[in-house]
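Protein chains in written order, with the working numbering: chain A, 7 to 488; chain B, 8 to 435; chain C, 17 to 268.
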């Protein structure tokens, strides 16, 4: 049996594919954070006064807050003054007017990432907003989207062009002082995506953003705001990669979703930030606050995530189910390997009547990693007839890793029903033997068994992403068999 | 940052000095470690849901006197030891002098025995999780030592009645240590009761060490009065192939807290933990359990049920921790909760922390109300609604009640449950 | 085709097989009978290469090639098929995906092109009918929630798909009712061919009424203590294992 384990170990090694650095001229701030830096940032972006005030207010809140230490992760303290808070590809003019004006090096980068940025690559029907380091570089498909009335642009543009919408919703789902990282993001967010789906509109294509951290010693603080008006629908995908660097890099994003009556938002993430090397050196600190508010009745927000990257992950995509009959969903696969640490899960806050939520979480730990599910299911006194079903399963590959489950379940309404189940198991020797007896490679066998374990989550992903996710898992598992 | 409230220094001064010298020294030593002990707040993870119920006024620091009259005259089907406010009352106790079995109060020990005991006390517990066991260590006035020699079998259950007399405000610090030799066997029943209407505080510690093959059953029945706050901790350490079975039945109060920590240190050790909690009015009850699988091939099975009525609040936090070398562990935890009223609250947190890969672990938790379909079915058969409610509520915990191996305890608990049903389900 | 010489094997330092000798020629069907604990299942697991068992000495060759040197999957690709006594569940992995992966692994080994999904689906449906399994089973997880009989039929279906040189059937009859036994036996009989050897391991002889073996061997205490033709099985059935001086715990 020991041999099988060894073979499994052999299988989990493969190098990080997206670890290239792009040689482009960029304009980067000196490391350090103070009110002047924020003012400079705001000035570069030609922001209105109210935006700067908003940032400064958040910054002052942040100064009074402590970095959270309750998660099941350990990492050396981040020196927030050694990070640069702005890095942008240098441009001769202001913003590129079309793709032709974008730095060819940059376009090559996206080609390497397999992003269909060019028009001719649009077959997938994906409109891409690509955020490179701190700024949004190019947004495709603006026209067909505009025809449908959909606004899909960088948050910086939105601040200029749609200030009323931004003012109305920014910080309403994740308040500035919500937590340490959200406060920091609110002060220094450099760019991000803004989506507005008008009343009754079904967004004609899937929207997508690719994030990439390129420059060294920079933090990435993007901010995403998606508003789905009454009866509208949007499916949004995000993908993330970063180059291989020995230093840890910080990523502290905030995502806010707002769904009004009968609106639906489907938010999918494939996160593959650089996880660090085999010795645990380098990698991204991924401290992200994602939250959706189902304000309207019959609204629905689904989070689907496949997380294989980052050195340390601290992330709990949540739903506040305020509207009666609103629905929250969380489907997650989190894979950790080598020295990766993840503390991730979700919060489902049931406030309205007959609200329902489903949580399916699949954690896979390999190597010396630590993988924790942390979730909150809460029924307020008004959550008459509310329901939750939670299933969290952990799969262990190797005997040096950890798999943990920390669910918090709170109910103040007697008619609300919650069911929670969790299991922990390993890829069994018997399963491996069966596969190999049928002639299947051990590597392929592990990947097949792990994919089977994650099936319930993968089927929630849009088709192209599901394929990518399966492959990503295979790559991430290499050399883990053990 | 606002500074956290501290335990009042009034709590650091025990009254009785009748213990052997080494235990007095131990107590003093423990008290010095308690200076500046922060009281739990909402931010203290293991007191998150319960800190608001904890109200330790200075007048509660006074040790309740041990010279009152014993209120309970329970006839028990077994041996009996009675403690009044944490001090043993020999006249009210009836236990045999059996070969191989020592049953003795701490204050009857000589200095040498006291020294040996001082080295054992508190070793089964993780005090960072059960913070108030430290306070007991600094305040106990007496205690019960049960020592079973290898192979000794106690033929009848030993009932330990802990009575708190709250005629005036004050506190009591009962303590028990059971050392079970190889292949020994006994059933220990702890009953916590009270008389008097003043605000009182009971702070208990019960410890069990099980040598190879020992087999211990522990029943804990908490039925103290409406004004008694109770914080208890039970620590269990098990060696190879030993078996520990626990049945905790608790009725709510202004603050009720029980920490149950089991360490499976020897291969093949097994534990089974059952618990039933019932709260009503504005009562509270919080069970925290932690099972640590340290050795390989151990099994644990945990089943807890909470019922909360009116504006009451029940909390369950179960933790299974599988250490790296604990391969081939089997651990199951199941927690079901019944919320009988919209004013009531139930919080549950079933946790798994796993560092070994060849394990089978599962937990399940549910919160819900009585099933409307079942209710309708019963009513449609002519059973009145109130009775149907009682039947279904009882059914929710019946399986666990029936597993309690001492009939007298089942009856006592049932009588109290009937009162609960009476008060909770009104005639239509 | 299969040649076993003085095979010794142990599990957790306990010797189970204590010198097995066996020769099987193409086209032959051999039955190994024996009481529980005699080492029957160990023999099938060792031949298939389960690493839980350690071969301490002896030699096994398949068509002249040393089998013991090969990894489990190499043996499979070289034509060794084991129908498991207790088929394993793999949740979430569909039978179809599993089988196609296996078939394509074999094809790749033989230097053939992968079979595409449509082609494979057609083939799988045909074979599933042969063992009376509803093709809907193909879409379910491998053995997930299958009844005992369904699992066994699934095993035989895999043998029909993979077309092995040597099929080892480990207690394939256990847990089957008489109808299922018939279906499974028909499947096995369909496997019989000139260039294929079949090794059946069984406790009872009732399977042998449906699949008539060429040779019967009695395994006890880790050794083959008696070999003979079909009639040996009948004699065993009549007289019990006690006849050969073997204790059989299961039949008590």
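In this text, a Cβ means the ideal position worked out from N, Cα and C, and glycines have one as well. Bear in mind that the values here come from a model prediction, so they are computed numbers and not experimental data.
Asked	Found
At least three beta-carbon pairs within less than 8 angstroms, the region 22 to 31 of chain B to the region 114 to 121 of chain B	yes
Distance, residue 316 of chain B Cα to residue 390 of chain A Cα	17 angstroms
Beta-carbon neighbours of residue 371 of chain B, restricted to chain A and to distances below 7 angstroms	426 and 427
Span of the alpha helix (DSSP H) around residue 144 of chain C	133 to 146
Helix, strand or coil at residue 314 of chain B [DSSP, three-state]	strand
Buried or exposed (CB count within 10 angstroms, at least 16 for buried), residue 174 of chain C	buried
Interface flag, residue 59 of chain C vs chain A, CB-CB below 7 angstroms	no
Rounded separation between residue 12 of chain A and residue 114 of chain B - CA only	Low confidence applies here, because residue 12 of chain A scores a pLDDT of 46, under 50, leaving its location unreliable; read the following figure in that light. When rounded, the distance between both Cα atoms is 59 angstroms.
Identity of the residue in C:144, C:147, C:22 and C:46 nearest residue 230 of chain C by Cα	C:46
Beta-carbon proximity check, residue 467 of chain A vs residue 215 of chain A, cutoff 7 angstroms	no
Expected contact under 8 angstroms - CB spacing of residue 211 of chain B and residue 164 of chain B to nearest Å	The Cβ separation is near 19 angstroms, so there is no contact.
Rounded straight-line distance, which links the Cα of residue 393 of chain B to that of residue 382 of chain B	10 angstroms
Three-state secondary structure (DSSP) of residue 419 of chain A	coil
Sequence-distant residues of the same chain with beta carbon closer than 6 angstroms to residue 140 of chain B, five excluded per side	132, 134, 212 and 240
Exposure label - residue 130 of chain B; buried when at least 16 CB within 10 Å	exposed
Cross-chain neighbours of residue 419 of chain A in chain B, by beta carbon under 8 angstroms	346 and 349
Residue 415 of chain A and residue 355 of chain B closer than 7 angstroms at C-beta	yes
CB contact flag (residue 381 of chain A, residue 408 of chain A, <7 angstroms)	no
Straight-line gap, residue 63 of chain B to residue 208 of chain B (C-alpha atoms, nearest Å)	8 angstroms
Best match in A:209, A:176 and A:282 for proximity to residue 157 of chain A [C-alpha to C-alpha]	A:209
Closer than 7 angstroms to chain A by CB, residue 93 of chain C	yes
Beta-carbon proximity of residue 299 of chain B to residue 325 of chain B, cut-off 7 angstroms	no
Residue 89 of chain C at chain A interface by Cβ criterion, 7 angstroms	yes
Reduced DSSP secondary structure (H/G/I, E/B, other) of residue 150 of chain A	helix
Delimiting residues of the beta strand (DSSP E) encompassing residue 107 of chain C	106 to 110
Limits of the unbroken alpha helix (DSSP H) element including residue 199 of chain C	194 to 207
Beta carbon proximity, residue 480 of chain A to chain C, threshold 7 angstroms	no
Within-7 angstroms CB hit, residue 374 of chain B to chain A	yes
DSSP three-state assignment for residue 219 of chain C, whether helix, strand or coil	coil
Residues of its chain near residue 65 of chain C, where Cβ-Cβ distance is below 6 angstroms and the 5 sequence neighbours each way are ignored	88 and 91
Local conformation of residue 4 of chain C per DSSP, three classes	This structure gives no information on residue 4 of chain C, because the portion of chain C shown stretches from 17 to 268.
Straight-line gap, residue 167 of chain A to residue 56 of chain A (C-alpha atoms, nearest Å)	14 angstroms
Which listed residue (A:306, A:450, A:262 and A:212) has its alpha carbon closest to that of residue 236 of chain A	A:306
Secondary structure, beta strand (DSSP E): runs of 3+ residues fully inside the region 114 to 148 of chain B	none
Within chain A, partners of residue 104 of chain C - CB distance below 7 angstroms	436, 437 and 440
Within chain C, partners of residue 447 of chain A - CB distance below 8 angstroms	89 and 121
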